[in-house]
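For reference, each letter of the sequence shown is one residue, going 9 to 59 in our numbering. Structure first, then comments.
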Amino acid sequence: MDLTISRVAWDDDAATSLRAAQRAELDLRYGGDTEPGTKPTAADMAAFLVA
């Protein structure tokens with residue numbers, strides 16, 4: 009099985025879907041968005057990688 013890792017923009021469809029799935033999993037596990045601090049943005053990321 010080959011694995012390809014790609015650098016994509018923050019607003020890429022795959023990146024957006026992955027972040028939404030992560031948020032849904034954490035909300036389900038911990039009962040809502042309880043993460044302290046400001047939410048990350050494209051300006052905070054040097055790179056966003058998807059496999």
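In this text, a Cβ means the ideal position worked out from N, Cα and C, and glycines have one as well.
Range of the contiguous beta strand (DSSP E) that encloses residue i
i          : result
residue 57 : 56-58
DSSP bridge partner residues for residue i (one or two, in chain order)
i          : result
residue 14 : 58
Nearest-angstrom beta carbon gap, residue j and residue i [assumed within contact, 8 angstroms]
i          : j          : result
residue 32 : residue 56 : No, residue 32 and residue 56 are not in contact; Cβ-Cβ is about 18 angstroms, not under 8 angstroms.
Start and end residues, alpha helix (DSSP H) containing residue i
i          : result
residue 52 : Unbroken run through residue 52: none, as it is neither H nor E.
residue 24 : 21-38
beta-carbon residue i near the ligand ADP non-hydrogen atom, thresh 7 angstroms
i          : result
residue 15 : As far as ligands go, the structure on display features none, and thus does not contain the ligand ADP.
Neighbourhood of residue i by C-beta distance below 8 angstroms, restricted to the same chain and skipping five residues each side
i          : result
residue 49 : 18
residue 36 : none
Own chain, CB closer than 7 angstroms to residue i, minus 5 neighbours either side, in chain order
i          : result
residue 26 : 58
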